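S.K.: Questions regarding the structure given below will be posed in turn.
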Ligand SMILES: [Zn+2]
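Residue numbers (my numbering): 628 to 972.
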């Protein structure tokens with residue numbers, strides 16, 4: 628039996644419904660659409676979620692495809708699948724919610740008596756995240772960037788990993804992409820949500836996958852590889868049988884410590900580097916030009932040596948934003964020699 632808020636699935640069942648979370652002052656209810664799959668046999672619980680940032684939708688497509696192929700009668704454990712967490716943002720293609728201008732992903736464990744997004748975070752945290760052993764959180768570059776890597780939280784002491792960090796290393800590799808990255812502490816400020824999710828006992832990996840201005844970047848091959856990753860994680864968790872499939876035997880893990888920020892001028896961004904290019908301190912990463920005359924407004928140089936990670940803006944030019952991320956190689960994991968199986972009590 629799998630129970631999430633007002634919804635229940637018995638062993639072998641797939642149930643769809645809306646998790647009641649919150650209401651705005653005028654009564655708008657952005658309840659969260661939830662698919663429950665209760666396996667025929669006991670086992671761990673996998674949460675797979677998309678569009679907690681409303682404009683980042685490749686995960687939503689992959690999750691819908693995954694749901695169509697998942698049979699609870701032939702699996703162990705439970706799957707909670709949420710194609711769109713942030714409906715208010717999704718509706719308008721926004722990252723956050725215009726109801727209260729908040730980003731749900733930053734609000735865990737949430738607040739029972741807070742604004743609409745605080746309440747969604749509170750119910751979702753207590754009903755969904757707390758009973759999940761593993762959480763696959765799909766993000767993307769929304770309309771403005773293309774990305775393709777597994778993102779995970781920095782490890783406190785890489786020579787002395789916690790049980791959760793050991794599991795996470797396996798999941799990062801099991802997902803099947805050839806690149807992964809972590810941000811060293813302080814790169815983008817503290818994120819209390821990550822700690823809350825760890826406290827809940829859920830091992831989280833985040834996908835920064837898809838997005839950008841070209842349909843091909845959200846097309847069949849990327850959607851297929853996103854769904855492939857969900858199946859790989861289920862195989863690692865012992866929920867279904869089968870061989871894992873991947874980009875190849877190796878997964879390069881980057882310490883993504885170099886962020887190139889857009890200067891305080893707006894214009895048309897032209898990136899002059901490709902993914903995997905190696906830059907030395909002071910090398911030009913891209914430039915901003917006047918979109919109407921072509922006049923050079925600013926050059927963006929890397930403040931440190933690094934390799935261009937598959938993440939970067941394509942055209943946004945207004946306001947404060949990170950325009951490129953560089954990293955150094957932390958390690959290269961080899962799928963052929965790693966034990967990727969996970970066990971849960
Ligand atoms: Zn995101």
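Virtual Cβ for every residue (Gly too), placed ideally from N, Cα, C.
Bear in mind the structure is a predicted one, so any value in this text is a computation, not a measurement.
Do you know offhand how far residue 823's Cα is from residue 830's?
M.R.: Position 196 of the chain shown, counting from 1, holds the residue named residue 823. Position 203 of the chain shown, counting from 1, holds the residue named residue 830. Those two C-alpha atoms are separated by around 11 angstroms.
S.K.: The beta strand (DSSP E) with residue 705 in it runs from where to where?
M.R.: As a working mapping, residue 705 is identified with position 78 in the chain shown. First-last of the beta strand (DSSP E) with residue 705: 703-709.
S.K.: Would you check if the segment 760-778 and the segment 677-691 touch, i.e. whether three or more CB-CB distances between them fall below 8 angstroms?
M.R.: yes
S.K.: Give a single yes or no on whether residue 683 has its beta carbon closer than 7 angstroms to a heavy atom of ligand 1.
M.R.: As a working note, residue 683 is residue 56 in the chain shown. Residue 683 Cβ: within cutoff of ligand 1.
S.K.: How close, in whole Å, do the beta carbons of residue 685 and residue 856 come, if the pair is a contact with beta carbons under 8 angstroms?
M.R.: Mapped onto the chain shown, residue 685 falls at position 58. Mapped onto the chain shown, residue 856 falls at position 229. Not really, about 11 angstroms apart at Cβ, beyond 8 angstroms.
S.K.: Taking only heavy atoms of ligand 3 into account, decide whether any of them is closer than 7 angstroms to the Cβ of residue 795.
M.R.: Looking for ligand 3 in the displayed structure turns up nothing; the ligands present are ligand 1.
S.K.: Which residues bound the beta strand (DSSP E) around residue 880?
M.R.: Taking the chain shown and counting its residues from 1, one reaches residue 880 at position 253. From DSSP, the beta strand (DSSP E) with residue 880 extends over 877-888.
S.K.: Going by the beta-carbon positions, is the gap between residue 665 and residue 657 smaller than 8 angstroms?
M.R.: Indexing the chain shown from 1 puts residue 665 at position 38. Indexing the chain shown from 1 puts residue 657 at position 30. Cβ distance not < 8 angstroms, so residue 665 and residue 657 don't count as in contact.
S.K.: In or out: residue 628 buried (at least 16 other Cβ within 10 Å) or exposed?
M.R.: Within the chain shown, the letter at position 1 stands for residue 628. Classification for residue 628: exposed.
S.K.: Is the distance from the Cβ of residue 929 to the Cβ of residue 889 below 8 angstroms?
M.R.: For this step, residue 929 is matched to residue 302 along the chain shown. For this step, residue 889 is matched to residue 262 along the chain shown. No.
S.K.: Does DSSP put residue 727 in a helix, in a strand, or in coil?
M.R.: Residue numbering aside, residue 727 sits at position 100 when the chain shown is read from its first letter. Secondary structure of residue 727 (DSSP, three-state): coil.
S.K.: For residue 634, report the span of its beta strand (DSSP E) as first-last.
M.R.: Counting from 1 along the chain shown, the entry for residue 634 is found at position 7. Taken as a continuous stretch (DSSP letters only), the beta strand (DSSP E) holding residue 634 covers 634-636.
S.K.: Residue 765 lies in the beta strand (DSSP E); which residues open and close that run?
M.R.: On the chain shown, residue 765 is found 138 positions in, with the first residue counted as 1. Run containing residue 765: 761-766, per the beta strand (DSSP E) assignment.
S.K.: At 3 residues or longer, what runs of the beta strand (DSSP E) sit wholly inside the segment 773-821?
M.R.: If we require 3 residues or more, the beta strand (DSSP E) runs fully inside the segment 773-821 come out as 806-809.
S.K.: Would you say the beta carbon of residue 680 is closer than 7 angstroms to some non-hydrogen atom of ligand 1?
M.R.: Residue 680 sits at position 53 when you count from the first residue of the chain shown. Yes, the Cβ of residue 680 comes within 7 angstroms of a heavy atom of ligand 1.
S.K.: Report the three-state DSSP secondary structure of residue 974 (helix, strand or coil).
M.R.: Absent from the model: residue 974. The displayed extent of the chain is 628 to 972, so no value can be given.
S.K.: To the nearest angstrom, report how far apart residue 712 and residue 913 are at their CA atoms.
M.R.: Walking along the chain shown from the start, residue 712 turns up at place 85. Walking along the chain shown from the start, residue 913 turns up at place 286. Taking the straight line joining both Cα atoms gives about 34 angstroms.
S.K.: Is there contact here, the segment 731-750 with the segment 767-776, by at least three beta-carbon pairs under 8 angstroms?
M.R.: Segments in contact, no.
S.K.: Excluding the 5 residues preceding and the 5 following residue 818 in the sequence, name in chain order all residues of the same chain whose CB lies nearer than 7 angstroms to its CB.
M.R.: Reading the chain shown from its first residue, position 191 is the one you call residue 818. Counting only residues of its own chain and dropping the five nearest sequence neighbours on each side, residue 818 has a CB closer than 7 angstroms to the CB of 733.
S.K.: What is the residue span of the alpha helix (DSSP H) that residue 714 lies within?
M.R.: Position 87 of the chain shown, counted from the start, is the residue given in the question as residue 714. Unbroken alpha helix (DSSP H) run through residue 714: 714-719.
S.K.: Between 874, 798, 810, which has its C-alpha nearest residue 970's C-alpha?
M.R.: Working through the chain shown from its first residue, we reach residue 970 at position 343. Checked all of 874, 798, 810; the closest Cα to residue 970 is 798.
S.K.: Between residue 881 and residue 832, is the Cβ-Cβ spacing less than 8 angstroms?
M.R.: On the chain shown, position 254 is the one that residue 881 refers to. On the chain shown, position 205 is the one that residue 832 refers to. No, they are not a contact pair.
S.K.: Less than 8 angstroms between the beta carbons of residue 721 and residue 744, yes or no?
M.R.: Numbered from 1 along the chain shown, position 94 holds the residue referred to as residue 721. Numbered from 1 along the chain shown, position 117 holds the residue referred to as residue 744. Taking 8 angstroms as the Cβ cut-off, residue 721 and residue 744 do not qualify as a contacting pair.
S.K.: Cβ-heavy atom distance between residue 766 and ligand 1 below 7 angstroms?
M.R.: Your numbering for residue 766 matches position 139 in the chain shown. Correct: residue 766 has its Cβ closer than 7 angstroms to ligand 1.
S.K.: Ordered along the chain, which non-local residues of its own chain (more than five positions away) have a Cβ less than 7 angstroms from that of residue 801?
M.R.: Taking the first residue of the chain shown as 1, we reach residue 801 at position 174. Around residue 801: 859, 860, 863, 871, 967.
S.K.: Tell me which residue opens and which closes the alpha helix (DSSP H) that residue 949 is part of.
M.R.: By 1-based counting over the chain shown, the position of residue 949 is 322. Segment 949-961 is the beta strand (DSSP E) holding residue 949; no alpha helix (DSSP H) there.
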